[in-house]
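Protein chains in written order, with our numbering: chain L, 564 to 713; chain S, 564 to 713.
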DNA sequence: TATTGTTATACTCTATAACTATA
DNA sequence: TATAGTTATAGAGTATAACAATA
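Below, the structure is given as structure tokens:
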């Protein structure tokens, strides 16, 4: 069935189209694919998130990263060991609480994060190129309200 | 450092906050958690997507579902076999092309999809409860423009 | 008793390759 | 030769349980 203008007319809107979660997932998958294409050989999204948190909060602990980024300590341990092996971070034992390792970016790590960040933002310019700057800001605001405990 | 009003003042915006992909991922993860909580024992998001596509387009093929939803045929095969086993779908051999199976929801499947759909939407009311109806519509529009080839 | 970091392990999801049957 | 459906398998990502060290 077509309208007078020749466009297809749906008697009912597609079911999936109603589900915000579906749109979220599809957009996120597309973004992840772009990230992988741009930086996949060097860093992965979750690992980059962890490094950004260390950059934003020098001295943050693995347990705190786990809580903030919803990652299991058990999965964080080998990741941080790898960062250490690549010379991206330093792990300093806390003087007062011997259980705790304070995490810091090394100079190399800081430079790498800055580089990756720049390239990730450039990649997002491509992924979200269909949206204007204002629309992206609107989107950012709406999304952050969803997942942050606001 | 605090402002005169006592709120924490960031000299620089957190790095992660700039990345739209990060917000997308966090929001999507939250939505998936809600979906799992509401329907996890009965149906999973990807499986629900597949059933919705069959509902929207009776006679659709597995290969076409794979293209539309970015799923591998190889992973679709056991899923459709399971749907068949649960009596949710029927697979009818195409009369003209013997390679093709035309997929249709059974009566049971149609009822199940309708039920799940209602509950998924109710769950989204909770997940996105912080947004107004207009804001959700705005979000839906922006997201769909990102991942659809517009 | 609770928490941190760690190891081992299981489970889910997705990707790749190869096969058959049809066209 | 190309495509549909299928099978087997490998890899990545995530979750669970248990442990030693420390508080």
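Cβ atoms here follow ideal geometry from the backbone N, Cα and C, with glycine treated the same way.
Discussion item. On the DSSP bridge list, what partners appear for residue 652(S)?
Written reply: 668(S)
Discussion item. Closest to residue 589(L) by C-alpha separation, out of 632(S), 620(S) and 619(S), would be which residue?
Written reply: 632(S)
Worksheet item: Applying a beta-carbon distance threshold of less than 9 Å, which residues of chain L neighbour residue 634(S)?
Response: In chain order: nothing, as chain L lies at least about 11 Å away.
Item to complete: Scan the segment 692-710 of chain S for residues whose Cβ lies nearer than 8 Å to a Cβ of chain L and list them as they occur along the chain.
Response: 693, 694, 698, 699, 701, 702, 703, 705, 706, 707, 708, 709 and 710
Worksheet item: Can you list, in chain order, the stretches of the alpha helix (DSSP H) that have 4 or more residues and sit fully within the segment 578-662 of chain L?
Response: 578-581, 583-602, 608-619, 625-632 and 636-648
Practice prompt. Check each candidate in 680(S), 706(S) and 621(S) and name the one with the smallest Cα separation from residue 692(L).
Written response: 706(S)
Worksheet item: Should residue 687(L) and residue 583(S) be called a contact, given that it needs their Cβ atoms to be closer than 8 Å?
Response: yes
Worksheet entry | Option nearest residue 605(L) by Cα separation, candidates 620(L), 628(L), 683(L) and 640(L) | 683(L)
Worksheet item: Which value, in whole angstroms, describes the spacing of the CA atoms of residue 709(S) and residue 657(L)?
Response: 45 Å
Practice prompt. Using a Cβ cut-off of 7 Å, pull out every chain L residue sitting near residue 577(S), in sequence order please.
Written response: 619
Worksheet item: Using the beta-carbon count (16 or more within 10 Å), is residue 666(S) buried or exposed?
Response: buried
Worksheet item: Along chain L, in chain order, which residues have C-beta atoms closer than 8 Å to that of residue 683(S)?
Response: 582 and 584
Item to complete: Tell me, please, whether the segment 617-626 of chain L touches the segment 668-685 of chain L by the rule of three or more beta-carbon pairs shorter than 8 Å.
Response: yes
Worksheet item: In angstroms, rounded to a whole number, what distance separates the CA positions of residue 664(L) and residue 611(L)?
Response: 19 Å
Fill in: Contact set between the segment 635-650 of chain L and chain S, restricted to residues whose Cβ is under 8 Å from the partner
none
Worksheet item: Hey, how far is the Cα of residue 592(L) from the Cα of residue 703(S)?
Response: 16 Å
Worksheet entry | Sequence-distant residues of its chain with Cβ nearer than 8 Å to residue 625(S) (five each side left out) | 636, 639, 640, 643, 664 and 666
Worksheet item: Does the beta-carbon distance from residue 690(S) to residue 597(S) come in below 8 Å?
Response: yes
Worksheet item: How many Å lie between residue 650(S) and residue 680(S) at the Cα?
Response: 18 Å
Worksheet item: Who are the Cβ neighbours of residue 652(L) in its own chain at under 8 Å, not counting the five residues just before and after it?
Response: 614, 617, 643, 646, 666, 667, 668, 669 and 672
Worksheet item: Can you find a C-beta in chain L that's less than 8 Å from the C-beta of residue 687(S)?
Response: yes
Worksheet item: Where does residue 695(L) sit, in a helix, a strand or coil, going by DSSP?
Response: coil
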